[in-house]
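A quick write-up on the structure given underneath.
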């Protein structure tokens, strides 16, 4: 199935040259290392390119997805029908003389790099982010967090491109943050994050870096190595997804090349021969087992794209979404 007309492809190829690709395997662009091809993939290098290309695709009703580090995405083996914009915007700047201290980042910037640059500038509060894989855009979109911190606690402003309203400035309150969620995530495919400004408190850079080191050590000691998407499910209120999955007897369970980690049951680790359908079947197994035993519905923290309700079906439904 193809959803990008040839004239649109020609126009995009003319603008982006070698940064325009067709049928690129998504397995090489996600931390899960699985997934089929993108019909069209374009590397985006500036905020202006991101805004203009999104507007162009929206105006022509072309399905699209803005993708950062691919750390929170699970693509089916069908891949993605439409255009994926690979967000490679990466500018990070400390805002001088701001009180409280502030730091600006484009949405494609690495979240860990943001935390490290903030630390060097003596801006405390983003230490938790140094251990979280992904980009600023994905973190702002999903209210990423770790070790008691999250984006909600640090975001000052976000520049958002909306399909119908154009460029808007969202405050922390406008984002309507909840646990691993935001108003943007609850209304998917209608907005794109261009950049964000974060705030913190002033502190000694060495003290900030020491806290980051401690967080990094804790993460290495409690989370499994290897290809994964990080936490598969959100933690239910008052409990932990990993504890529930382990209590349901699924720790170490393997389907195909995918396995529920023996170290942390909310991590699904993939071998080189793993397919996305292996992971999807494990997802449904864990959800069913936990519900049967505890009557708790586990909600995905990652975004699954292109799957039907039946994991063996392989039907892609993303084509209608933009």
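Residue numbers (the working numbering): 477 to 798. Built from N, CA and C at the ideal position, the CB exists for glycine as well. These numbers come from a predicted model, not from an experiment.
Per DSSP, the bridge partner or partners of residue i
i           : result
residue 580 : 569, 673
residue 709 : 776
residue 650 : DSSP lists no partner for residue 650.
residue 513 : 501
residue 626 : 621
Spatial neighbours of residue i in its chain, beta-carbon cut-off 7 Å, leaving aside the 5 residues before and after
i           : result
residue 647 : 633
residue 698 : 740
residue 637 : 527, 530, 643, 667, 668, 670
Beta-carbon spacing of residue i, residue j below 9 Å
i           : j           : result
residue 755 : residue 746 : yes
residue 562 : residue 519 : yes
residue 731 : residue 556 : no
residue 583 : residue 706 : no
Burial state of residue i (16 or more Cβ within 10 Å)
i           : result
residue 773 : exposed
residue 769 : exposed
residue 660 : buried
residue 694 : exposed
residue 677 : exposed
residue 788 : In this prediction, residue 788 has a pLDDT of 35, which is less than 50 and means its spatial position is unreliable; nothing more can be read from the coordinates.
residue 510 : buried
For residue i, the first and last residue of its enclosing beta strand (DSSP E)
i           : result
residue 736 : 734 to 736
residue 496 : 496 to 501
residue 767 : Run containing residue 767: none in the beta strand (DSSP E); it sits in the alpha helix (DSSP H), 752 to 770.
residue 540 : 540 to 543
residue 745 : 744 to 746
Spatial neighbours of residue i in its chain, beta-carbon cut-off 8 Å, leaving aside the 5 residues before and after
i           : result
residue 704 : 507, 508, 737, 743, 744, 745, 746
residue 765 : 721, 724, 725, 726
The alpha helix (DSSP H) enclosing residue i, as first and last residue numbers
i           : result
residue 631 : Not the alpha helix (DSSP H): residue 631 falls in the beta strand (DSSP E), residues 631 to 638.
residue 602 : Premise fails: residue 602 is in no alpha helix (DSSP H) and is neither H nor E.
residue 560 : Residue 560 -> not in any alpha helix (DSSP H); beta strand (DSSP E) instead, spanning 556 to 563.
Distance cut-off 8 Å: residue i Cβ against heavy atoms of the ligand GDP
i           : result
residue 718 : Inclusion of the ligand GDP in the displayed structure is not the case, the ligand content being empty and no account of it being possible.
Other residues of its chain near residue i: CB distance less than 6 Å, five sequence neighbours each side excluded
i           : result
residue 570 : 579, 597
residue 549 : 506, 779
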